[in-house]
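Here's the structure, in structure tokens; my notes come after.
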Amino acid sequence: MKTLNRRTLLRGLGVSIGLPMLDAMAATSSTQSPTRLAFVYVPNGINMAHWTPQAQGKAFEITRVLTPLKEHKDKLTLLTGLTHNGGRALGDGPGDHARAAASYLTGAHPRKTAGADIKNGTSVDQLAAMSVGKQNRLASLELGIEDGRQVGSCDSGYACAYSNNISWRSDSSPMPPEINPKNVFARLFGSAAAGETQEMIARRERNRRSILDFVLDDAKSLRADLGSTDQRKLDEYLYSIRDIEQRIEKATRQDLGFAQPEGTPADYAEHVRLMFDLMTAAFKTNSTRIATFMMAREGSARSYREIGVPDGHHPLTHHRNDPEMMEKVAKINCFHFSLFSEWVKKLATTEDGDGTLLDHSAIVYGSGISDGNRHLHHDLPVLVAGRMNGKITPGRHIVYAQDTPMTNFYLSLLTNFGVKAESIGDSNGELKGLSELA
Amino acid sequence: MLLPLLSILAAAPSFESTVAPFIKKNCAMCHNARKQEGGVNLLNLTISEKREIWELVVHKLQTGEMPPAPLPKPPAAQSKPVIHWIEQHFAAIDRNAKPDPGRVTARRLNRMEYNNTIRDLLGLDFKPAEDFPADDSGYGFDNIGDVLSLSPVLMEKYLNAAEQISRKAINTEPLPKPEKVPFGAGRMKNRRANFLEITHYFPSAGTYEFQASITGPRAGGPEWKTNLTFTVDNTTPTSLEATLGTDRPRNATHKAEIKTPGVHRVRVEFDSSLIPNAAEEVNDKTLKDFNLLMERLEIRGPYDPYRVIPDSQRRLFTCQSTEIDCDKQILTRFARRAWRRPITAKEADSLVLISAKARIAGDTFEQSIQAAMQAILVSPHFLFRIERGTKKLDADGLESLTDLELASRLSYFLWSSTPDETLLALAEQNALRKPGNLEAQVRRILSDPKADALADGFAGQWLEYRNLDIVRPDPERFPTWNPQLKSAMQEETKRFFLDLTRTNASIMNLIDARYTFLNETLAKHYGIPNVTGDNFRKVTLPDGKRGGILSMASVLTVSSYPTRTSPVLRGKWVLENVLNAPPPPPPPDVQLLDEKTVGTKMSMREQLKLHRTNATCASCHARMDILGFGLENYDAIGAWRSRDGAFDLDASGTLPSGESFTGPEQLKKILAANPKPFAECFTEKLLTFALGRGVERTDRHHISAIVSSATASQLRMQTFILEIVKSAPFQKRRPEVPKS
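Same order as they appear, the protein sequences are chains A and B. Count along the first sequence from 1, add 1055, and you get the number used in the numbering used here. No gaps in the numbering here: position 29 of the second sequence is 14 in the numbering used here, and each next residue is one more.
Structure below.
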């Protein structure tokens, strides 16, 4: 099959991107749309009594938290029984929140350190991005809501990098989430500065090439002269420069009919909605196929006054089974999920090739903790929305054996995404049953 | 001369004779192989194993936290020799240990450092790093080399920022062609107005024409003369005469020079009093079709546009583009400042090559300098502080930093910014370490307004008042909380800290002082009379309710929950930031405070008392909660109170060490009476910030030495700073073990 040059393609297309041509570009065997993968993270666990359905299989009932997607039950897959062993103490003592976020997409057991020698693992989204990301303008998109800007220790002797990031490019390099919608837009679609002419843009591209050549040479020779820890820092630099060089090749401005956001909305729900809109736009234009989104930092003590919960989220989750506090936790869980459900509904009505974006996506929603009161890392709340291009048969609640590694699920996602991986974190095989008919 | 010999001959107390029996008697009932309370087994633990456990033993005995109530406490006569023996044992080990100044990982500039550096390099007043991703922090600070990572997203922002900076520093914006932009009265709310006021973006400096049109009287009407006045921003208005009549042009054109490009306000008005009866007619409904109003303003231009050359550009361009090697001269000078060191001939050639390439592709000389400037600003030499040392080892096998590296350490420690010309020149001459120079430079650096960064960077993170930006006290419970109050809280602590630094006063003022810095907003919050206006001033406090960080609203707010105070959080804050004794986190699934009953069924104090009956909890909480109780007179945003919910407040307490207090004033006196833990805590935090790495065991004796010197100088702030600057961890580094 003839593969199209992406650059010519996007230049010619402008507003809407037609699917047949994209197929040719992705060089897939059929007229299939590309598969998209997203992970939406909520912190501090979930009030599981209002999450897990009693019944298994197709007949599962819609629980309180899941209610907003009642009409879309046939597009959801609930997985129960999955565990992140890396999130557990394993002799390292307290720090479950830091470990929950750090292990969530990596399956690793992060090294306990407040700074020196950070060591985690590579996350599933980045494994996917390394393999297929080059086909898109952005290899992956990392979004968040809360600025990591906070001082003091983050969690029991763990560096803040662990609780602030779920996406990790390597053992020591987190991919920090962007929280300002305006910047996300600019990254995706370019920002049109006032009065910028075509000539100025061309000049920038030309100069940027020689600048990157210069710093790349410079950094390489500098690296040779440094000690090992400094070399690690230079490696991050070199990786970033190469990544940008590749992206310049694909850079092109697109007109979406979607206005550049002004900045960060003060209202939480509006902020979250804008981030979901940006992910929709990114997937629709195939600017990227992989996204992660932290609806709040792990251990977040944000209060949700807009829904009548003035208390901090994290302190509330240590409810010691107090019904009033548990109810407030459930309220927060419902609030998060209702915002998420708006996005799922949007994806379900956004046309994409022979179906909708949701048909071609696997959207994973969950947390690295189940019961926040006791910091449990087993029986995690996991929901997948979408059919993943036919690789998932949704409309079911699947219960797995206790302590089945969450990473087995990730391994299956990677396989279904077209990425070959031997293992990820503590995986010991693929997760069965995702595509079987019940 | 005989004494030392005698003391050796006498039976020296040994571990077996002093420590082991004490442990067996007082500790081993819980800390044995079977129970292992807190994961610790002390029975049969030798002194050469697990030093951190033995240090914890010393600490817990000193504070009286162990053995926890209700177990009996051993008398001081028994515990003191044990503490002394263990301390002496480790002190001797440290004395004989090979000195180790540690090794600092290359530090990427954080957001604050990036902004300050650009400000000081180019004199540009904008903050390019505002939308960079947040810097992760480690060890409580966001300038730690190991955790400051660099992602492609950030690299992209560096590239964009470099471009923006080069465009602001050197003006090469193309000169626009003249345009006509009309503004109609349609935008006016009152169509019968005799003026128009608009804001307009002027793309360039140059001459502009402003043509104003007035709706005329109807055909056949009389002819009037009036005056039109034009005002740009707040400059003196210009008057022009206009004649109104059916057969004549009813407009006037004003020419003016706009000197700075950007948005300006333009107002044009005609004098209706000069028109006979016009004033009445305008307001007379019977004449409403007369329609006398300022109808239209058209701005045309720019004519003869010219570029405004910013100061930064004048400073950068020290030669004419026609001169030989002018690009080399400009770029060499700028790269030296940006990279904080002289650059090599090879580096200069590479930079010249970038600008030459850009010119071949069609750039002007100025544009080509912009391109090379961007390369300088995204180079690792700019973005990172990379230390390569002198590669010469001293007698202890340690490597000194070069003077240039030391200059950067100094300026980023105290200014969070780049070395200035004075510092850089001294370092280039290898004169920074000459007698007296370091002291003189530290004093000079601190007296510069740029040293305010020490409060924004260090104090804001150490005392955690930076977190005021993210806390959200419940507006229903705390209706006085607003952005003004928040800023005032931050400002008080910042000014207090900077005042201490600049006046070189004792750091113990942070614990207790009879003065603070207030404006009206904060004084009202504190209930202190006679402070009016928004500006801050030094105020002598009327009583002991306030004074020192523990009674500052900033600290009290960040150590509270959104809805209530927490003696536990506040106690933890004091242990971590004042007493240098961070408590271990609670085990999961512990009994927590029953929040909904606080202030109704049971007072907070009674509730917390309950959980201290459990020995496991009591071991930490006996000290932590009591410290927090002492601050209960301040509510969750730091206002004074004497009741909590339905209960009278009791801010008294007895610490495990036996010291008692009845309220915050006395608690502060207890803390102030023993300055050593605070001095150590302060030194450790300041050293962490100064070095950009976590403090390690090998830094312990450096910290002790700094505290001793400072104690000899009445714990003055500048002594701490100077001693840190002179210490081995700041001056030297451990050489890298060669790779096999």
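No residue lacks a Cβ here, since even glycine has one placed at the ideal position from N, Cα and C. Remember, it's a predicted structure, so these values are computed and weren't measured experimentally.
### Message
So the candidates are A:Leu1329, A:Ile1299, A:Leu1271; which of them puts its Cα closest to the Cα of Glu141 (chain B)?
### Response
A:Ile1299
### Task
Please report how far the alpha carbon of Arg1261 (chain A) lies from the alpha carbon of Ala147 (chain B), in whole angstroms.
15 Å
### Inside the segment 620 to 649 of chain B only - beta strand (DSSP E) runs reaching at least 3 residues
none
#### Entry: For Trp324 (chain B) and Leu362 (chain B), the rounded distance between their alpha carbons
9 Å
#### Entry: Start-to-end residues for the beta strand (DSSP E) that takes in Gln196 (chain B)
Gln196 (chain B) -> beta strand (DSSP E) spans 190 to 199.
### Query
From Asp1180 (chain A) to Gly169 (chain B), what distance separates their C-alpha atoms?
55 Å
### Task
Measuring only between beta-carbons, confirm whether Pro1231 (chain A) sits less than 8 Å from chain B.
yes
### Cβ of Glu721 (chain B) within 8 Å of any chain A Cβ
Taking 8 Å as the threshold, the shortest C-beta distance from Glu721 (chain B) to chain A falls below it.
### Three-state secondary structure assigned by DSSP to Gly1188 (chain A)
helix
### Message
For the segment 75 to 84 of chain B against the segment 618 to 628 of chain B, do three or more pairs of beta-carbon atoms, one drawn from each stretch, fall closer than 8 Å, so that the two count as touching?
### Response
no
### Pairwise C-alpha distance: Leu1293 (chain A) and Arg1264 (chain A)
Computed Cα separation, rounded: 15 Å.
### Query
Cα separation between Thr162 (chain B) and Tyr193 (chain B)?
Note on residue identity: the sequence assigns Lys, not Thr, to residue 162 (chain B). Near 12 Å, if we compare the C-alpha coordinates of Tyr193 (chain B) and Lys162 (chain B).
### Query
Residues bridged to Arg718 (chain B) by DSSP?
B:Glu384
### Query
Using a Cβ-Cβ distance under 8 Å, would Val553 (chain B) count as near chain A?
no
### Message
Could you check whether the segment 430 to 441 of chain B touches the segment 378 to 391 of chain B, counting it as contact only if at least three pairs of C-beta atoms, one from each stretch, sit closer than 8 Å?
### Response
no
### Query
Any Cβ of chain A within less than 8 Å of the Cβ of Phe369 (chain B)?
Chain A, which has a Cβ nearer than 8 Å to the Cβ of Phe369 (chain B), makes this yes.
### Task
Please decide whether Arg678 (chain B) counts as near chain A, where near means a Cβ-Cβ distance under 8 Å.
yes
### 8 Å Cβ cutoff, Tyr1292 (chain A) in contact with chain B
yes
### Local Cβ density within 10 Å of Gln414 (chain B), reported as buried at 16 or more and exposed below that
Under this definition Gln414 (chain B) is an exposed residue.
#### Entry: alpha helix (DSSP H) segment containing Glu148 (chain B), residue limits
137 to 154
### Query
Cα separation between Leu417 (chain B) and Ala392 (chain B)?
8 Å
### Query
Just curious, the alpha helix (DSSP H) that Gly556 (chain B) is in, first and last residue?
552 to 562
### Task
Alpha carbon to alpha carbon, how far is Ile496 (chain B) from Lys653 (chain B)? Give it in angstroms, no decimals.
6 Å
### Query
Would the segment 330 to 340 of chain B and the segment 94 to 105 of chain B be scored as touching if the rule is three or more Cβ pairs under 8 Å?
They do not touch, by the three-pair rule.
### Query
Taking buried to mean at least 16 other C-beta atoms within 10 Å of its own C-beta, is Arg457 (chain B) buried or exposed?
exposed
#### Entry: chain B residues whose Cβ lies nearer than 7 Å to that of Ser1211 (chain A)
Pro570
### Message
As a quick exercise: from B:Lys509, B:Arg235, B:Gly191, B:Leu282, pick the residue whose alpha carbon is nearest that of Gly247 (chain B).
### Response
The option with the nearest alpha carbon to Gly247 (chain B) is B:Gly191.
### Task
Would you identify the three-state DSSP class for Cys1353 (chain A), choosing helix, strand or coil?
In the sequence as displayed, the identity of residue 1353 (chain A) is Glu instead of Cys. Coil, per DSSP.
### Message
Taking CB distances under 8 Å as the criterion, tell me whether Lys342 (chain B) reaches chain A.
### Response
True, the Cβ-Cβ gap to chain A drops below 8 Å.
#### Entry: Rounded C-alpha distance that separates Asn1099 (chain A) from Ala(-3) (chain B)
C-alpha separation (whole angstroms): 55 Å.
### Pro720 (chain B) and His687 (chain B) closer than 8 Å at C-beta
no
### Query
For Glu351 (chain B), which of B:Lys244, B:Leu301, B:Gly556 has the nearest alpha-carbon?
B:Leu301
### Task
Could you please give the first and the last residue of the uninterrupted beta strand (DSSP E) stretch that includes Arg252 (chain B)?
247 to 255
### Query
Mind checking whether Trp466 (chain B) and Ile622 (chain B) have CB atoms under 8 Å apart?
yes
### Query
If you run the structure through DSSP and keep just helix, strand and coil, what is Ser491 (chain B)?
strand
#### Entry: Per-residue DSSP class, three states only, for Phe1115 (chain A)
coil
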